[in-house]
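Asker: Residue numbers (this note's numbering): 65 to 174.
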Amino acid sequence: MNFQRTVLLVAGVTLVIALLFIAFSLYFLQSKRKYPPVIGECPDYWELDEKNGKPICKNTHNLGTCGKSASFMGQQFVGADSNCKKAKWARGCNLTWDGITNIPDICSKS
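In structure tokens:
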């Protein structure tokens with residue numbers, strides 16, 4: 065019985081240490097990642113049309129309160145605070161944009 069108890073004790077301690085290591089690794093790795101890793105060029109469920117070499121986002125599902133299309137390559141959406149400007153535009157149009165409208169303090173980060 066002594067040998068079996070020793071084996072169970074060593075296996076249990078090893079399991080706990082391994083699980084703690086995995087939990088801490090996942091926690092610290094996750095906190096350093098930016099989400100989403102890639103921000104779309106258009107609001108959610110809008111389609112990117114790159115005809116004529118100029119990207120235009122088209123509202124094919126009639127979402128929100130703004131028009132049928134928009135270009136986010138213009139001067140008003142360029143610069144260090146471009147994501148803040150996109151967030152204000154999208155919120156004003158009652159739209160969602162993953163990586164833009166789901167970050168409450170996006171304007172203070174720019």
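Just so you know, even glycine gets a beta-carbon here, dropped at the ideal spot from N, CA and C.
Any Cβ of chain D within less than 8 Å of the Cβ of Asn-166?
Answerer: Included in the structure is just one protein chain, with no chain D present.
Asker: Thinking Lys-150 and Phe-141 are a contact (beta carbons under 8 Å), I'd like their distance in whole angstroms, please.
Answerer: About 6 Å separates the two Cβ atoms, so the contact holds.
Asker: Return yes when the Cβ of Lys-132 is within less than 8 Å of the Cβ of Lys-122, no when it is not.
Answerer: Taking 8 Å as the Cβ cut-off, Lys-122 and Lys-132 qualify as a contacting pair.
Asker: Compare the Cα-Cα distances from Leu-159 to each of Asn-126, Asp-113, Ser-146, Ser-172 and report the closest residue.
Answerer: Selected option, being the one with the closest Cα: Asn-126.
Asker: Where do the N-terminal and C-terminal ends of the beta strand (DSSP E) with Lys-98 fall, by residue?
Answerer: Unbroken run through Lys-98: none, as it is neither H nor E.
Asker: Starting from the Cα of Tyr-109, find the closest Cα among Phe-92, Phe-88, Leu-84, Gly-128 and give me that residue.
Answerer: Checking every option, the nearest Cα to that of Tyr-109 belongs to Gly-128.
Asker: For Lys-132, which three-state DSSP category applies?
Answerer: Reduced to three states, the DSSP call for Lys-132 is coil.
Asker: First and last residue of the alpha helix (DSSP H) that includes Cys-106?
Answerer: Run containing Cys-106: none; DSSP gives neither H nor E here.
Asker: Please state whether DSSP places Ile-86 in a helix, a strand or coil.
Answerer: Residue state, collapsed to three classes: helix.
Asker: If the criterion is Cβ atoms closer than 8 Å, does the pair Pro-100 and Ala-154 meet it?
Answerer: Taking 8 Å as the Cβ cut-off, Pro-100 and Ala-154 do not qualify as a contacting pair.
Asker: When you compare the CB positions of Cys-130 and Cys-157, do they come within less than 8 Å of one another, or not?
Answerer: Yes, they are a contact pair.
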